[in-house]
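The opening residue of the sequence shown carries number 3 in my numbering; numbering runs sequentially from there.
Just so you know, even glycine gets a beta-carbon here, dropped at the ideal spot from N, CA and C.
Predicted model, so just to flag it, every value in this text is computed and none were measured.
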Amino acid sequence: MKTILQLDNLTIGFGKTDLINNVSTSVSENELIVILGKNGVGKSTLIHTILGFEKVLNGLIYFNDRKQSDFAAVELAKEVAIVFPKLNLIPKITVFDTIATARIAHHRVLKKYSDDEICFINEMIDLVGISDLKNKYLTEISEGQLQLVMIARALCQDTSLIILDEPTANLDLENQFKIYELITHLKSKTNKSFVMITHDAELALNYADKIWWIENKKLYDGIPEEIAFEHQIFEKLSGNFLKYNLNSDSYQNFKISENKINVKGKSEFSYWMKRALIRNGFQIDENAMKSMEVTENCIIFDEQKFNSILSVLNYLEHEKYNNNRSK
């Protein structure tokens, strides 16, 4: 598979302060790489160095087998595009005109777009699914729609690599999923490669082809599951608030508790019952003395039938109160 970006023994940072040392990794055609790590480890500095905004402290960066240092700025704009998390909006510019500005990278001077370019711009707008927005002003669209506009703009720059700096920041859950689904769709349709910074590890692990995990001035790359397991990323990103719970087979804000319950049954209702119990200080344990059975629409506990999660929690609280009074 063709290598789009290669980092060769790269060290990055500011002045004499290094943030990440001796990075050797690559991005292949049609890959989504997600960069994860705690605040301050150098994620943004890494992409700024790749883009040429920061100087390389040591090592080399290659775009399609050509050294980054051999590119003029206008040439580099034909190799890599960037989608920033924030944009200073110009009130009286339309979505179409904003996206069209990406074509400046292919002109030596500002000029009128050719018919072929206009056709290409409309094709990218259709590909992202925002044809209904193209005549609107930027100030008339939502944050989620604005991110789609900026992705379409990056596509119109027609580079082999697109870097996205926290594209899902400040978006609701639906729009976060839409961004990831769109990038997956674009990979298959365009064969472009994507490198993304995000703080949402859960979504990243579901969609990324590879993870770049940055820690202790080192970059570790690999498939999502191995990086997550070997480097305990949920524990570290949460400041050790999240721990793996063997009994529930999930990562939770785990607290040692003497109150143990075995929850039988596998369903969506059962999942939420377990979450409610854990949130209220119970530990899910298949060897516990107390046991409840959860079906699709009811819960059986202490030979009683409950129709809601709240009714179970109220019963447990009442039982706890009576036990405390009897002591």
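- Residue environment: residue 141 is assigned as exposed (fewer than 16 neighbouring CB atoms within 10 Å of its CB, all protein chains considered).
- Comparing alpha carbon positions, the residue from 68, 313 and 86 closest to residue 199 is 86.
- Here residue 99 carries a helix assignment [DSSP, helix/strand/coil].
- For residue 27, the beta-bridge partners assigned by DSSP are 9.
- In the structure shown, residue 45 adopts helical secondary structure according to DSSP, grouped into three states.
- The continuous stretches of alpha helix (DSSP H) do not include residue 60, which lies in the beta strand (DSSP E) extending over residues 60-65.
- Remark: C-beta atoms of residue 165 and residue 52 approach each other more closely than 8 Å.
- In the three-state reduction of the DSSP assignment, residue 122 falls in the helix class, which pools H, G and I.
- Distance check between residue 236 and each of 310, 204, 223 and 224 places 204 closest, using alpha-carbon atoms only.
- Counting along the chain, residue 137 sits inside no beta strand (DSSP E), nor does DSSP assign it H or E at all.
- By the neighbour-count definition (other C-beta atoms within 10 Å, threshold 16), residue 281 is an exposed residue.
- Per the coordinates, the alpha-carbon of residue 206 lies some 16 Å from the alpha-carbon of residue 41.
- At the C-beta level, residue 155 and residue 100 come within 8 Å of one another.
- No residue range can be given for residue 114, since it is assigned to no beta strand (DSSP E) and is classified by DSSP as neither H nor E.
- Here residue 306 is bridged, per DSSP, to 303.
- Here the alpha carbons of residue 176 and residue 182 stand approximately 10 Å from one another.
- Residue 252 is bridged by DSSP to 247.
- Within the same chain, and ignoring the five residues on either side of residue 239 in sequence, the residues whose Cβ sits closer than 6 Å to its Cβ are 203.
- In its chain, beyond the 5 residues on either side, no residue has a beta carbon closer than 7 Å to the beta carbon of residue 208.
- The stretch 55-71 makes no contact with the stretch 223-235, as fewer than three CB pairs between them are under 8 Å.
- Per DSSP, residue 171 is not a residue of any alpha helix (DSSP H), being assigned neither H nor E.
- With contacts defined by Cβ atoms closer than 8 Å, residue 138 and residue 96 form a contacting pair.
- Taking all protein chains shown into account, residue 291 has fewer than 16 neighbouring C-beta atoms within 10 Å of its C-beta and is therefore exposed.
- Per the coordinates, the alpha-carbon of residue 29 lies some 44 Å from the alpha-carbon of residue 279.
- The alpha-carbon separation between residue 5 and residue 268 amounts to approximately 44 Å.
- Between residue 81 and residue 163, the C-beta gap is smaller than 8 Å, which places the two residues in contact.
- Under the DSSP assignment, residue 275 falls in the alpha helix (DSSP H) whose first and last residues are 270-281.
- Taking 8 Å as the cut-off, the Cβ atoms of residue 127 and residue 136 count as close.
- In this structure, the CA atom of residue 168 is about 10 Å from the CA atom of residue 197.
- Segment contact: the stretch 10-26 against the stretch 70-78, fewer than three CB-CB distances shorter than 8 Å; contact not assigned.
- Across the structure, residue 243 and residue 123 are spaced so that their CA atoms are roughly 46 Å apart.
- Of 233, 185 and 148, the smallest CA-CA separation from residue 98 is found for 148.
- The three-state reading of DSSP puts residue 154 in helix, counting H, G and I together.
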